[in-house]
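Input: a single structure, listed below in structure tokens.
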Amino acid sequence: MISINQVTVQFSGQELFREISFVINHGDRIGLVGKNGAGKSTLLKIIAGIETPQKGEIVFPSGITVGYLPQELVYSDSKKTVFEETLSAFSDILNVENEISFINDQLSRREDYHSDEYSQLLHRLTLLNERFSVLGGTNIDADVEKFLLGLGFLRTDLKRCVSEFSGGWRMRIELAKLLLKRPDVFLLDEPTNHLDIESIQWLEDFLETYAGAVVLVSHDKAFLDNVTFRTVEISLGKIYDYKVSYSDFVKLRNERREQQVAAFENQQKFIKETVDFIEKFRYKPTKAVQVQSRIKQLEKIEPIEIDVEDNSAVHFRFPPAPRSGTIVVETIDLSKSYGHLTVLKNINLIIERGEKVAFVGRNGEGKTTLSRIIMKEIDFDGELKIGHNVQIGYFAQNQDEIMRGNKTVFQTLDDIAVGDIRKELRNMLGSFLFSGEDIDKRVSILSGGEKSRLALAKLLLEPYSLLVLDEPTNHLDMRSKEILKQALQQYDGTLIIVSHDRDFLDGLVSKIYEFKNQGIRQHLGGIYDFLRRKKIQNLQELEYKEKMSKMPKIEVISENKLQYTERKEFEKRIRKAKNFVSQSEEKIAELEKSIKLMEQKMSNPDVAKINSLLIEYQELKKNLSLEMGNWENLTLALEELEKQK
25 MISINQVTVQ FSGQELFREI SFVINHGDRI GLVGKNGAGK STLLKIIAGI
75 ETPQKGEIVF PSGITVGYLP QELVYSDSKK TVFEETLSAF SDILNVENEI
125 SFINDQLSRR EDYHSDEYSQ LLHRLTLLNE RFSVLGGTNI DADVEKFLLG
175 LGFLRTDLKR CVSEFSGGWR MRIELAKLLL KRPDVFLLDE PTNHLDIESI
225 QWLEDFLETY AGAVVLVSHD KAFLDNVTFR TVEISLGKIY DYKVSYSDFV
275 KLRNERREQQ VAAFENQQKF IKETVDFIEK FRYKPTKAVQ VQSRIKQLEK
325 IEPIEIDVED NSAVHFRFPP APRSGTIVVE TIDLSKSYGH LTVLKNINLI
375 IERGEKVAFV GRNGEGKTTL SRIIMKEIDF DGELKIGHNV QIGYFAQNQD
425 EIMRGNKTVF QTLDDIAVGD IRKELRNMLG SFLFSGEDID KRVSILSGGE
475 KSRLALAKLL LEPYSLLVLD EPTNHLDMRS KEILKQALQQ YDGTLIIVSH
525 DRDFLDGLVS KIYEFKNQGI RQHLGGIYDF LRRKKIQNLQ ELEYKEKMSK
575 MPKIEVISEN KLQYTERKEF EKRIRKAKNF VSQSEEKIAE LEKSIKLMEQ
625 KMSNPDVAKI NSLLIEYQEL KKNLSLEMGN WENLTLALEE LEKQK
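Under this note's numbering, think of the first position of the sequence shown as 25, with each following residue one higher.
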């Protein structure tokens with residue numbers, strides 16, 4: 025499909041790529057991997073046509089379309105709503121629709137029904153209607169809504185102005201626009217950075233059934249494994265192509281490196297022996313021929329390069345946790361609202377000593393809010409109890425924004441360190457990859473990853489019985505995430521962690537608290553146990569959520585505790601749900617009857633009325649499609665209620 029041929033790229037005299045070549049085939053799922061700075065993002069930009077290589081070329085078949093999502097976007101203050109902005113992805117369809125409207129308007133004004141111009145307009149209208157149908161024009165509103173809900177937006181968000189949202193949410197809008205265009209090739213640079221677990225799963229499911237090719241860069245191991253089945257590594261300016269997913273690639277890369285090291289050592293041994301021979305017999309006439317032969321051999325040798333293993337990473341252990349009371353955190357009917365928006369309502373929660381729990385759920389459901397309440401950073405209604413002798417260490421999600429001061433890296437730790445640990449600060453910073461002049465850098469100029477590492481280092485300065493970590497892995501590479509995970513597994517205190525990284529949570533937590541609809545629900549087991557139980561329910565919810573707001577609120581009701589009055593109310597809800605379904609079925613029957621009558625009229629139409637008939641027919645078909653979706657939603661809601669009988 026796309027051929028990358030002998031591409032060479034140089035920056036400041038250094039080669040980033042050296043005559044690299046590979047092919048992106050139709051249907052490929054490629055994970056592009058390599059060290060930070062290896063050139064992954066640069067290669068995506070070259071394929072997207074944003075940057076140009078010094079040598080080589082990118083060959084595209086005629087008519088191929090490419091969609092590119094960069095890691096960082098520059099956002100304009102759009103005055104459009106979220107729905108309107110996302111709808112702009114269908115510019116081709118909207119242009120066709122506008123031309124149809126224009127021709128319809130022209131036809132309604134003309135009376136020269138038998139003229140050539142009138143016939144040409146009718147012919148053009150027929151072609152446009154066919155193209156509109158082929159492009160899926162009748163479904164674009166439903167598709168926009170489906171994709172936005174799948175990526176985590178609430179229905180009420182769709183009418184809000186784009187400028188009201190943060191950069192992370194605007195990135196989701198751009199991702200939705202890109203997915204809706206359905207190009208032949210997706211180029212995605214860290215697409216999961218701003219997504220929660222459910223949105224990541226939705227994106228995985230979409231890409232799994234997508235007919236085109238996908239090339240992506242990601243530090244999310246689980247996402248790579250679930251989406252890709254081919255891994256292209258950039259190392260030392262070269263390309264290594266593996267027809268396997270990321271986890272299998274890691275094993276094969278280690279085997280390749282062992283072979284590389286063995287070949288390098290053999291080559292070095294041969295070079296040393298050859299040089300020793302040349303030096304020993306250089307000035308002996310009887311060995312002149314052999315010496316010259318060995319010199320030529322050395323000149324022909326192509327040095328074997330080894331990609332130096334990066335063993336530098338965050339190496340640390342958390343200090344032993346002071347013993348606290350059995351109950352570490354307890355909330356009683358805790359609620360939190362921001363103005364008229366209620367985020368948490370009547371939360372009852374108990375976390376005991378030694379538990380490692382995860383807060384999961386869609387963004388905006390209250391995970392960070394509850395974390396900040398536990399830290400007593402924001403006010404709330406209800407009751408919060410922090411247990412006896414509980415000392416809390418906190419890592420904020422926006423740690424890179426909080427750490428903006430003019431202090432140096434060393435001063436940041438030195439100002440809060442006490443006792444003998446002050447003597448170890450330089451060693452500690454070294455274990456967090458701050459060495460040499462790095463410790464004298466101002467915090468304000470550090471990268472997001474550097475600020476995250478510094479914030480984690482601060483947590484080691486004193487022992488904590490409870491760690492509250494809000495998205496601690498956002499700016500960490502795969503190796504640093506693994507080291508942090510190992511340290512948390514060995515930590516003997518209580519852990520509350522907010523994260524969307526499934527691989528990071530796997531084997532770390534044994535209890536999941538799901539945040540949803542202003543409440544929380546406890547799930548025992550690991551993250552994958554939770555996701556297996558939730559997957560079908562979530563897919564149904566994302567598919568049919570459009571009309572669920574019309575239905576009575578569905579509550580899980582215990583049969584043992586259901587009182588007479590509650591049972592009556594529950595039966596009333598079921599009757600009401602059945603009425604909704606019946607009304608929808610009647611409406612569908614009426615629409616189908618009207619469409620049949622309209623088709624009969626159009627089989628032998630009055631030329632003067634063809635325009636109005638087409639418009640009415642399209643409107644009926646659109647209404648039928650919407651009502652069929654409504655019926656599916658209502659039927660699903662009824663089934664959910666009946667399951668609780």
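Heads up, the beta-carbon is just placed ideally off N, CA and C, and yes, glycines get one too. Computed from a prediction, not measured in an experiment: that's the story for all the values here.
- Using a Cβ distance threshold of 8 Å, isoleucine 224 and histidine 524 count as a contacting pair.
- With fewer than 16 other Cβ atoms inside 10 Å of its own Cβ, asparagine 119 counts as exposed.
- Our two residues, valine 90 and glutamine 642, have alpha carbons roughly 32 Å apart in a direct line.
- Annotation: the continuous beta strand (DSSP E) that includes aspartate 213 extends over 209–213.
- The three-state reading of DSSP puts arginine 184 in coil, since its state is none of H, G, I, E or B.
- Proline 85 has its alpha-carbon roughly 21 Å from the corresponding atom of aspartate 116.
- Your pair threonine 436 and aspartate 464 does not check out as a contact, with CB atoms roughly 11 Å apart and the cut at 8 Å.
- From the listed residues Leu457, Gln546, Lys205, Asp530, the smallest Cα separation to leucine 373 is found for Gln546.
- Beta-carbon to beta-carbon, isoleucine 54 and valine 256 are separated by about 6 Å, close enough to satisfy the 8 Å threshold.
- If only complete runs of 4 or more residues are kept, the segment 230–285 shows the alpha helix (DSSP H) at 245–251, in order along the chain.
- Segment contact: the segment 235–244 against the segment 209–219, three or more CB-CB distances shorter than 8 Å; contact assigned.
- Judged by beta-carbon spacing, leucine 56 lies beyond the 8 Å limit of leucine 40, meaning their Cβ atoms are not closer than that value.
- Taking 4 residues as the minimum length, the alpha helix (DSSP H) runs contained wholly in the segment 361–428 are 391–398, 423–426, in order along the chain.
- Under the three-state reduction of DSSP, isoleucine 536 is assigned to strand.
- Threonine 105 places its beta carbon 8 Å or farther from that of arginine 179.
- Going by beta carbons, valine 492 and tyrosine 418 fall inside the 8 Å limit.
- Looking at the backbone, the Cα of glycine 174 and that of tyrosine 234 are separated by about 15 Å.
- DSSP, reduced to helix, strand and coil, places arginine 446 within a helical segment of the structure shown.
- The continuous stretches of alpha helix (DSSP H) do not include threonine 216, and DSSP gives it neither H nor E.
- When beta bridges are read from the DSSP output, lysine 205 appears opposite no residue.
- Tyrosine 142 has its alpha-carbon roughly 7 Å from the corresponding atom of aspartate 136.
- For leucine 648, same chain residues with a beta-carbon under 8 Å away, outside a window of 5 residues either side, are Ile612, Leu615, Glu616, Ile619 in chain order.
- For the set Arg557, Glu663, Gly653, the Cα lying nearest the Cα of lysine 600 is the one of Glu663.
- The C-beta distance from glutamate 407 to aspartate 357 rounds to 7 Å, short enough to fall under 8 Å.
- The three-state secondary structure of glutamine 321, taken from DSSP, is helix.
- Under the DSSP assignment, aspartate 464 falls outside any beta strand (DSSP E); it carries neither an H nor an E label.
- Annotation for valine 492: the continuous beta strand (DSSP E) segment containing it runs 490–494.
- Glutamate 81 and isoleucine 28 have their C-alpha atoms spaced approximately 6 Å apart.
- Counting only runs of 4+ residues, the alpha helix (DSSP H) found wholly inside the segment 89–149 occupies 106–111, 115–133, in chain order.
- Boundaries of the alpha helix (DSSP H) harbouring threonine 436: 433–438, taken from the DSSP string.
- In this structure, the straight-line span from the alpha carbon of valine 268 to that of phenylalanine 46 is close to 15 Å.
- A distance below 8 Å separates the beta carbons of leucine 512 and leucine 532.
- Non-local C-beta neighbours of arginine 306 in its own chain, meaning closer than 8 Å and more than five positions away in sequence, comprise Val315, ordered along the chain.
- Residue state for phenylalanine 604 is assigned as helix, using DSSP reduced to three classes.
- Counting of Cβ neighbours within 10 angstroms places valine 353 among the buried residues, the total reaching 16 or more.
- With a threshold of 16 other beta carbon atoms within 10 Å, methionine 652 falls short and is exposed.
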